[in-house]
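First the structure, in the form of structure tokens, and then the observations on it.
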Amino acid sequence: MRGAKRPIHGLTAWVRRQPPKVKAFLGVVAGMAALVFLRFIVHDHDNLFAAAEAVHAIGISVLIYKLSKERTCAGLSLKSQDLTALFLAVRLYCSFVMEYDMHTVLDTATLATTLWVIYMIRFKLKSSYMEDKDNFAIYYVVVPCVLLALAVHPSTSHNIFNRIFWAFCVYLEAVSVLPQLRLMQNTKIVEPFTAHYVFALGVARFLSCAHWVLQVLDTRGRLLTALGYGLWPSMVLLAEVVQTFILADFCYYYVKSVFGGQLVLRLPSGVV
12 MRGAKRPIHG LTAWVRRQPP KVKAFLGVVA GMAALVFLRF IVHDHDNLFA
62 AAEAVHAIGI SVLIYKLSKE RTCAGLSLKS QDLTALFLAV RLYCSFVMEY
112 DMHTVLDTAT LATTLWVIYM IRFKLKSSYM EDKDNFAIYY VVVPCVLLAL
162 AVHPSTSHNI FNRIFWAFCV YLEAVSVLPQ LRLMQNTKIV EPFTAHYVFA
212 LGVARFLSCA HWVLQVLDTR GRLLTALGYG LWPSMVLLAE VVQTFILADF
262 CYYYVKSVFG GQLVLRLPSG VV
């Protein structure tokens with residue numbers, strides 16, 4: 012086991028020494044390699060979306076355990092949970108008025124869980140909430156998402172307000188984790204359950220992104236045209252990619268920490 016760790020430590024040390032542009036390039040190459048691998052082993056790409064939902068559910072389960080058993084919300088961003096509840100509520104409204112399906116049921120369960128987490132942080136476990144570290148100004152993401160939704164939204168036959176709401180929740184979902192990353196960067200030390208939860212979000216979003224990218228490749232771009240015309244189809248795909256890359260750096264340090272046998276994740280400066 013020790014011998015197997017040495018090449019991994021050597022590789023991570025080499026990657027860590029590289030300049031930011033090289034790290035970004037290596038990340039893109041690794042992501043493309045993972046997409047190629049998934050394309051060959053997963054024949055029904057809808058399974059990737061189901062896997063993304065399952066991993067997200069595992070992450071939420073870890074969060075529930077942390078709050079109910081550990082009785083602490085230290086390291087968790089209330090602002091990220093508020094943003095998550097906001098985009099889920101908007102998406103649920105859009106699902107009811109535009110396309111009611113199984114995703115509506117899943118989003119309802121996720122929203123209910125998120126509201127419970129918010130309740131626990133605000134009231135039951137307020138004494139352990141790191142309010143001074145959770146200092147990301149959420150209007151930095153909400154306002155741009157609103158403006159972008161007004162400018163670029165679906166071109167379907169639905170009511171214009173519903174189309175703008177749908178675009179807003181797509182954009183907000185892509186950046187809703189930023190306050191959580193900022194809090195972790197401020198503390199520099201991430202306890203295990205919070206790290207597991209954020210890593211699960213990263214994996215879930217990568218699988219969701221892979222689902223969209225592979226669907227576009229398999230349909231030779233017809234999926235994008237089915238979403239409408241103009242900039243909206245490209246923005247949907249871009250939002251998926253942004254979600255993945257926002258968490259990519261954290262996931263790298265998480266994996267490095269796990270292979271190094273560290274229970275507590277220590278983040279260097281500049282990760283977020």
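12 is the number of the first residue of the sequence shown in the working numbering; add one for each residue after it. C-beta: ideal position from N, C-alpha, C; glycine also.
Query: May I have a chain-ordered list of the alpha helix (DSSP H) segments no shorter than 4 residues that lie completely inside the stretch 55-98?; Result: 57-76
Query: With DSSP collapsed to three states, give me the class of Gly194.; Result: Sequence check: residue 194 is Leu here, not Gly. Of the three classes helix, strand and coil, the one that applies to Leu194 here is helix, per DSSP.
Query: Among the residues of its own chain, which have a CB less than 7 Å from the CB of Cys262, if the five just before and after it don't count?; Result: Phe210, Gly213
Query: Going by DSSP, what residue range makes up the alpha helix (DSSP H) through Glu184?; Result: 171-186
Query: Rounded C-beta distance between Cys84 and Tyr140? I'm assuming under 8 Å.; Result: 5 Å
Query: With a Cβ-Cβ cutoff of 8 Å, do Cys220 and Thr198 count as a contact?; Result: no
Query: For Phe60, tell me which candidate among Gln226, Gln196, Lys144 has the shortest Cα-Cα distance.; Result: Gln226
Query: Within this structure, are the beta carbons of Val181 and Ala250 separated by less than 8 Å?; Result: yes
Query: Is Leu122 closer than 8 Å to Ala96 when the C-beta atoms are compared?; Result: yes
Query: Take Lys77 as the anchor and find which of Glu202, Arg277, Leu218 has the nearest alpha-carbon.; Result: Glu202
Query: Give a yes or no on whether the C-beta atoms belonging to Leu117 and Glu184 are separated by under 8 Å.; Result: no
Query: Does DSSP put Leu276 in a helix, a strand or coil?; Result: strand
Query: Please name the residue or residues paired with Ile200 in a DSSP beta bridge.; Result: Arg277
Query: Give me the residue from Met195, Thr125, Phe172, Asn173 with the minimum Cα distance to Glu142.; Result: Met195
Query: Whose C-beta lies closer than 7 Å to the C-beta of Ile171 among residues of the same chain, with five residues either side of it excluded?; Result: none
Query: Which residue from Arg216, Pro244, His222, His207 puts its Cα closest to that of Val269?; Result: His207
Query: Taking all protein chains shown into account, decide if Leu189 is buried (16 or more other Cβ within 10 angstroms of its Cβ) or exposed.; Result: buried
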